[in-house]
Amino acid sequence: MAQAVSHSPSAPLSIPVRIPLRELLPWAVFAGVLALALLYFVGAEQGATSLISGNTVHEFVHDGRHLLGFPCH
Numbered sequence: 001m002a003q004a005v006s007h008s009p010s011a012p013l014s015i016p017v018r019i020p021l022r023e024l025l026p027w028a029v030f031a032g033v034l035a036l037a038l039l040y041f042v043g044a045e046q047g048a049t050s051l052i053s054g055n056t057v058h059e060f061v062h063d064g065r066h067l068l069g070f071p072c073h
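When the count follows the UniProt record's numbering, it moves up by one through the sequence shown with no breaks and lands on 73 for the last residue.
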């Protein structure tokens, strides 16, 4: 005699939460400014455009410069 297969109730489907643009926009702007600052320090912080005197920043990001294809020698 075959037994009936019992199914457990499935979990309810989760609906994604919508994030309003007015809440997301400040974080997107912050991330963009941070990315531009990082790009500046990795790519252009040396020589005539230097904001910080000395070689400290250049030496700190030196390998990253070469990895991203920025010339520095």
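Where is the CB? At the ideal position from N, CA and C, for every residue including glycine.
Every value quoted in this text rests on a predicted model; they were computed, and no experiment measured them.
Beta carbon of residue i nearer than 9 angstroms to that of residue j
{"i": "Phe-70", "j": "Val-42", "result": "yes"}
{"i": "Ile-52", "j": "Glu-59", "result": "no"}
{"i": "Val-61", "j": "Ser-50", "result": "no"}
Cutoff 6 angstroms; reference residue i; Cβ partners in own chain excluding five residues on either side
{"i": "Cys-72", "result": "Arg-65"}
Element boundaries [alpha helix (DSSP H), containing residue i]
{"i": "Thr-56", "result": "56 to 60"}
{"i": "Leu-24", "result": "21 to 43"}
Own chain, CB closer than 7 angstroms to residue i, minus 5 neighbours either side, in chain order
{"i": "Val-33", "result": "none"}
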